[in-house]
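Positions in the sequence shown are counted from 1; adding 1492 to them yields my numbering. Glycine included, every Cβ here is placed at the ideal spot set by N, Cα and C. On a predicted model such as this, the values are computed, not experimentally measured, just so you know. First the structure, in the form of structure tokens, and then the observations on it.
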Amino acid sequence: MAVGSILLITGGGGGLGSLVAASEAANFSEIALLDRNQSKLKAAADKLKSVGDAKVHLLLADVCDQKQIQDVLSPFPSLDGLVNAAGVLGPVAAFGNEKWDDWANAIAVNLVGNAAVCRAALPALLKSRRGKIVNFSGGGAAGVRVYHSAYAASKAAMVKFTETIAAEYPGLDANAIAPGAHKTGIWDNETHDKEPEKWAEPERFCSLVSFLLSEKSDGITGKLIHIYDPWETFKPDISKSEMYTLRRVEPKR
1493 MAVGSILLIT GGGGGLGSLV AASEAANFSE IALLDRNQSK LKAAADKLKS VGDAKVHLLL
1553 ADVCDQKQIQ DVLSPFPSLD GLVNAAGVLG PVAAFGNEKW DDWANAIAVN LVGNAAVCRA
1613 ALPALLKSRR GKIVNFSGGG AAGVRVYHSA YAASKAAMVK FTETIAAEYP GLDANAIAPG
1673 AHKTGIWDNE THDKEPEKWA EPERFCSLVS FLLSEKSDGI TGKLIHIYDP WETFKPDISK
1733 SEMYTLRRVE PKR
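Structure (structure tokens):
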């Protein structure tokens, strides 16, 4: 564990956010969980305290409220890592048949909200001189997701957002991941039971996030990486390739 290292996780009370927190408890001395649901935050914190010695900060805030974000992050002059795990599925319907407020909310949370956290955390990440950003995209960013237009649009936009901030701030390593589908609050139990073969392995997902937050990934930035890509063999110079070519580059032996 790096002394004084601090990791911020949005959606920290959710399924994927709490998985990341538990897996990183031994790698950071402090972990700040940000979520709008107080009961979920407390449950995640209790779990986190049982698996590691990291100091836990509970930040009750909505990623869509910029003032709340700025207020809860003000006590952190330096941050070493940011994982944007906050997200919603959004409406499941053909475009035009959904409720517009539901559609707009998915864009607000998945894209605008997480971008707002990046913006608020940027000075602290730059100050640490080793800042790492992991944004959650998804398979919907690269392929067609019928009846999920808001989800797909927000996740695709997150890829380009990540690519852009990686180019603008070479002192940071910023990457987007496609974490695969996990049995969390976003997906209901019925869906999981009908198609169990489509669900990702939590261990693989956590290992990828841990890799991207560690020194092992130094120099790899501006990429979209799927959990089943051979990321263990990636080298820093692979970051010179174009976005979306990562899976087609032969890894070094």
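Residue i to residue j span [Cα, whole Å]
i       : j       : result
Leu1508 : Pro1583 : 20 angstroms
Leu1552 : Leu1533 : 8 angstroms
Leu1614 : Tyr1643 : 25 angstroms
Gly1504 : Ala1612 : 17 angstroms
Asn1667 : Gly1496 : 23 angstroms
His1640 : Pro1694 : 23 angstroms
Glu1742 : Ala1634 : Per-residue confidence for Glu1742 stands at a pLDDT of 35, beneath the threshold of 50, marking its modelled position as unreliable; the derived number appears in the next sentence. Going by the C-alpha atoms only, they are around 20 angstroms apart.
Trp1595 : Leu1603 : 12 angstroms
Lys1624 : Glu1655 : 13 angstroms
Ala1645 : Gly1632 : 8 angstroms
Glu1724 : Arg1621 : 24 angstroms
Gly1544 : Leu1550 : 16 angstroms
Asp1593 : Cys1556 : 14 angstroms
Asp1527 : Asp1554 : 6 angstroms
Phe1726 : Tyr1661 : 21 angstroms
Val1548 : Ser1702 : 18 angstroms
Ala1518 : Leu1571 : 16 angstroms
Val1601 : Ala1607 : 9 angstroms
Lys1619 : Leu1499 : 14 angstroms
Leu1716 : Lys1708 : 17 angstroms
Asp1721 : Gln1530 : 35 angstroms
Nearest-angstrom Cβ-Cβ length linking residue i and residue j, presumed shorter than 8 angstroms
i       : j       : result
Leu1799 : Glu1516 : Outside the modelled stretch of the chain, which goes from 1493 to 1745, sits residue 1799, for which no answer is possible.
Ala1577 : Ile1501 : 6 angstroms
Pro1671 : Ile1719 : 6 angstroms
Ala1537 : Glu1522 : At roughly 12 angstroms, the Cβ-Cβ gap does not stay under 8 angstroms, so Ala1537 and Glu1522 are not in contact.
Leu1525 : Ala1535 : Not quite, the Cβ-Cβ distance comes to about 10 angstroms (not below 8 angstroms), so this is no contact.
Leu1617 : Leu1574 : 6 angstroms
Ile1669 : Cys1610 : Actually they do not touch by this definition, with Cβ atoms about 15 angstroms apart.
Counterpart residues of residue i in DSSP-defined beta bridges
i       : result
Lys1547 : Glu1522
Leu1552 : Asp1527
Thr1502 : Leu1526, Asn1576
Lys1624 : Gly1573, Asp1665
His1718 : Ala1670
Any non-hydrogen atom of the ligand MG within 7 angstroms of residue i CB
i       : result
Val1580 : The model on display carries no ligand, and the ligand MG is accordingly not part of it.
Worksheet item: Touching or not, the segment 1585 to 1596 and the segment 1562 to 1574, by the rule of three or more beta carbon pairs under 8 angstroms?
Response: Between the segment 1585 to 1596 and the segment 1562 to 1574, the count of Cβ pairs shorter than 8 angstroms is below three; the stretches do not touch.
Worksheet item: Can you list, in chain order, the stretches of the beta strand (DSSP E) that have 3 or more residues and sit fully within the segment 1560 to 1612?
Response: The qualifying runs are 1573 to 1576.
Item to complete: May I ask you to verify whether the segment 1622 to 1629 touches the segment 1553 to 1561, counting CB pairs closer than 8 angstroms and requiring at least 3?
Response: Output reads no: the segment 1553 to 1561 does not touch the segment 1622 to 1629.
Worksheet entry | At least 3 beta-carbon pairs within less than 8 angstroms: the segment 1648 to 1664 vs the segment 1695 to 1703 | Judged by Cβ distances under 8 angstroms, the segment 1648 to 1664 makes no contact with the segment 1695 to 1703, as fewer than three pairs qualify.
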